[in-house]
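**Student:** Here the sequence shown stands for residues 698 to 967, numbered as in my numbering.
Every residue gets a Cβ at the ideal spot worked out from N, C-alpha and C, and that includes glycine.
Right, I'll just put the structure down here and ask away after.
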Amino acid sequence: MSDKTHLSKAYTSILVSEIDNKGALKTGLVQLNRPDVLNALNIELMKEVVEALEGFDRDGETGCTVLTGNKKAFAAGADIKEMADAGAVEMLLRDQFARWDRIRKLKKPVIAAVSGFALGGGCELAMSCDMIIASESAKFGQPEINLGVIPGAGGTQRLTKAIGKARAMEMILTGKMFGAQEMFEAGLVTKVVDADLYLEEALELAREIASKPTIAVQLAKESVLKSFDLTIESGLEHERKNFYLLFATEDKHEGMKAFVEKRRAEWKGK
Ligand code: CAA
């Protein structure tokens with residue numbers, strides 16, 4: 698099923714397109730587009746991002762989505778001007794970060810292609826994705842402490858799980874920025890590439906994932922993410938059930954048959 702409404706909407710703060718992968722499923726591309734404010738994440742932009750990501754998730758012709766900004770900034774955080782005059786009750790009623798939970802529920806993989814600043818909510822948005830491809834110019838940080846607050850869109854949790862308590866504490870308590878290479882070594886980033894190639898590299902990774910059997914990709918993603926919530930016992934049980942479930946797919950039969958027959962598998966996504 699290919700519902701394309703996410704491609705034709707009139708967005709104000711993002712650009713949305715799809716990339717043909719010649720034979721494989723397509724890649725969705727969502728680009729944050731508030732360059733004057735370093736892609737600060739206001740409510741409208743996040744509403745559009747979530748809608749576009751969900752659109753690609755529903756679109757039967759899409760296999761993977763890439764979320765990016767521009768060379769100077771992936772995103773410099775939540776829009777401070779939008780929060781500056783707000784009180785606690787107003788923030789509670791706005792509940793703006795609840796929308797971010799919908800990113801966690803996406804079934805297809807999302808790759809963040811990060812160049813320049815990925816700060817505060819920008820770092821948290823990149824961490825909400827499944828992988829981060831970073832330009833060597835990328836700078837990651839959780840500077841909320843310098844504004845008198847703390848990360849509010851998952852930073853204390855996801856950063857700690859990704860790079861461990863020692864480094865997460867340093868980043869969150871000092872608010873300092875750290876470079877792409879350092880974050881790669883710490884385990885936050887999948888790959889660091891030349892500043893001119895980060896988007897190309899992310900699109901190539903997306904193309905490769907889009908060429909794999911769809912249901913296996915989705916259950917693999919789901920199983921890996923479960924490891925954050927479950928004990929090893931429950932996680933292994935979950936993985937095993939997903940493994941057995943895949944034996945009901947046509948792609949499993951095709952994949953194993955193709956191996957035995959020494960030919961390339963032709964996936965159906967079923
Ligand atoms: N919110 C709103 N506007 C922002 C912004 C943000 N997070 N980050 C940058 N901008 C705006 C600036 O106000 C400026 O706008 P004007 O031209 O109208 O003044 C424009 O973007 C360019 O920014 P700078 O002139 O500051 O650019 P720079 O290159 O000198 O500095 C920077 C770049 C170091 C990233 C600096 O802009 C900065 O420190 N930004 C704020 C980073 C931050 O604190 N992020 C955390 C936000 S809170 C949060 O994210 C909470 C959460 O957990 C979800």
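The beta strand (DSSP E) with G851 in it runs from where to where?
**Tutor:** No beta strand (DSSP E) holds G851; DSSP gives it neither H nor E.
**Student:** Within the present structure, is the beta-carbon of A749 separated from the nearest heavy atom of the ligand FAD by less than 7 Å?
**Tutor:** With respect to the ligand FAD, the structure offers nothing, as its ligand set consists of the ligand CAA.
**Student:** Consult DSSP for V957 and reduce its assignment to one of helix, strand or coil.
**Tutor:** In the structure shown, V957 sits in a helix (DSSP, three-state: H, G or I).
**Student:** So, using beta-carbon positions, are T759 and K706 closer together than 8 Å?
**Tutor:** No; because the gap between Cβ atoms is not below 8 Å, this pair is not in contact.
**Student:** Apart from the five residues just before and just after C820, which ones in its own chain have a Cβ nearer than 7 Å to its Cβ?
**Tutor:** Only F837, G838, Q839 and G852 meet the Cβ criterion.
**Student:** Let's test the definition: count the other Cβ atoms within 10 Å of the Cβ of R864 and tell me whether it reaches 16, buried, or not, exposed.
**Tutor:** When all chains shown are included, R864 counts as buried.
**Student:** Give the DSSP bridge partners of A809, in chain order.
**Tutor:** The partner list for A809 (beta bridge, DSSP) reads L764 and I829.
**Student:** Based on Cα-Cα distance, which residue from L922, P910, A783 and T928 lies nearest to A962?
**Tutor:** It is P910.
**Student:** Excluding sequence positions up to five away, which residues of its chain have a Cβ less than 7 Å from the Cβ of K949?
**Tutor:** If we look at K949 and ignore the five residues flanking it on each side, its Cβ neighbours are L943.
**Student:** Taking the Cβ atom as the reference point for each residue, do I808 and D827 lie within a distance shorter than 8 Å?
**Tutor:** Yes, the pair counts as a contact, with Cβ atoms nearer than the cut-off.
**Student:** Evaluate the contact criterion for the region 852–861 versus the region 873–886: three or more CB pairs, one atom per stretch, below 8 Å.
**Tutor:** Enough Cβ pairs lie closer than 8 Å, so yes.
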